[in-house]
Amino acid sequence: RVPAAFNNIVGYKPTKGWLSTRGVVPVCRSLDCVSIFAFTAEDAKRVLALTAGYDPEDIYSRKREGTAYDIDAQRFYFGIPRKDQLLFFGNSEGGSLFDAAVAKLQSLGGEIVEIDFAPFLEAARMLYEGPWVAERYAAIQPFFEQHSDQIMSPVREIITCAQGYGAADVFNGVYNLRRLKHQADQVWTKVDCLLTPTAGTLYTIEAMQRNPIQLNAHLGYYTNFMNLLDYCAVAVPAGFQKDGMPFGITLVATAHQDESLLRLAEHLQQAHGLSLGATGIPLPLPASEEESSAPPAQKRAAQSGQVRVAVCGAHLSGLPLNDQLTRRKGHFIRNTTTSEDYKFYALPGDPPHRPGLVRVDGKGRGAAIEVEVWELPMHEFGSFVADIPPPLGIGTVSLADGELVQGFLCEHYAVVNAVDISRFGGWRSYLKQPANS
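Take 738 as the starting number for the sequence shown in the numbering used here and just add one per residue.
Dropping the structure here:
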């Protein structure tokens, strides 16, 4: 991401294992990740579609999991480091450029959540100050032992330190990293993604040659934790300093959220509207979505391995069966209503009490019923459906804006003697009535 930020282009670091590393000369083999440079996030997404895939001959290859949710839904939460943890290393313009990027992300529907960046920073230091340096030594051990004099000074110094690590140090490092990941991952209960500078400042080649180790550590302040903590990230151009040098920001998400993160990066890049790299060519407008009978939101969910589900009764937030969604990594998307084509019934039976939603024929015979739209990972959807008892089931539900999603429907036989509660407009309103009249 750092080279991308310094060249006003997009740098995409996929989830580890999504792109095969077979044939790549290793640095830290357990952490190595093939990245993509592109003018735009949309281009990076296209390259990903062509290159990603499970490689049975790469021992670190991973199959893509359908757990990505729609970060660019109507509202999302993004974390930024605390003010005292935002460092720009003497760059007087970095803070204002980052603040402008934060404002851009807010304009796209994001809400700020300030986070403690400490576990991320501690993990970042482990890349060059922990036993993973020994893995760098392992990658070139035969060459290093015979030709260390041919290796440039800073690299030689770092790898020489690796010889001081023993097996116990490696295990203690693994345990410490697990602790830090456990702490860092708590952030994801509050946010959908992180936003940081890609690098706090930009150094000249001459400055780097004078003090390579310390200045490289500065450049890795916001990035060196990424593979250690198993996250994906996209660096996006975010403006220029007065001296004409570029500034970039990075969006970060958990593993397997790549497509959703790239979509958000695409929107953020469009919001900045900067030219492409050093070409001066204006940023092109986003390509229109491929022709499809499915609404855009439905296509986004399908592309990211999710199923959108409309719930209208005991699965609503805070009600007794909502945990059937949350324990399957369900992600709340929005409140809305169905189209005006449904009737709503209170079904008889033991608690938890449930309603029945039935589609009716004929315009004007139905009502708009309040629902919550959730996203479930595709691989969790089957077990969710299997838990639904009759007379309820899952079918296609039409929402007020025309989007078609999966949702709870009721068999007609079950509502013959049920109470029609359509006039209440939703289950919560019905429950608030005295004795559910």
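Virtual Cβ for every residue (Gly too), placed ideally from N, Cα, C.
In this structure, the straight-line span from the alpha carbon of A990 to that of P1127 is close to 38 Å.
With contact defined as three or more Cβ pairs closer than 8 Å, the region 963-977 and the region 892-912 are not in contact. The C-beta separation of V1048 from L1113 comes to about 10 Å, leaving the pair out of contact by the 8 Å criterion. In the three-state scheme derived from DSSP, where H, G and I count as helix and E and B as strand, G903 is classed as coil. Out of W1164, R1102, G847, S767, the CA that lies nearest to the CA of L1005 is found in G847. By the beta-carbon neighbour count (other beta carbons within 10 angstroms, threshold 16), F880 is exposed. Look at I888 here: in three-state DSSP terms it is coil, with no helix or strand label. Taking C-beta atoms under 8 Å as the contact rule, I773 and L787 fail to qualify, at a distance of about 10 Å. For secondary structure counted as the beta strand (DSSP E) over 3 or more consecutive residues, the region 1057-1142 holds these complete runs in sequence order: 1068-1074, 1079-1083, 1092-1096, 1107-1114, 1129-1135.
Judged by DSSP secondary structure, G976 falls outside any alpha helix (DSSP H) and instead within the beta strand (DSSP E) spanning 968-977. The DSSP assignment places 968-977, 983-991 as complete runs of the beta strand (DSSP E) inside the region 942-1022, in order along the chain (cut-off: 3 residues). By the 16-neighbour rule on beta-carbons within 10 angstroms, P1019 is exposed. In this structure, the straight-line span from the alpha carbon of G1017 to that of S890 is close to 37 Å. Between the alpha carbons of R812 and A871 lies a distance of about 43 Å. Only residues of its own chain outside the window of five on either side were considered, and among them G816, I852 have a CB closer than 7 Å to the CB of V924, listed in chain order. In terms of Cα proximity to P934, the closest of R801, A838, F908, V1097 is A838. Contact between G1014 and F776 holds, since their C-beta atoms are separated by about 6 Å, short of 8 Å. According to DSSP, T933 shares a beta bridge with T987. Here Q920 carries a helix assignment [DSSP, helix/strand/coil].
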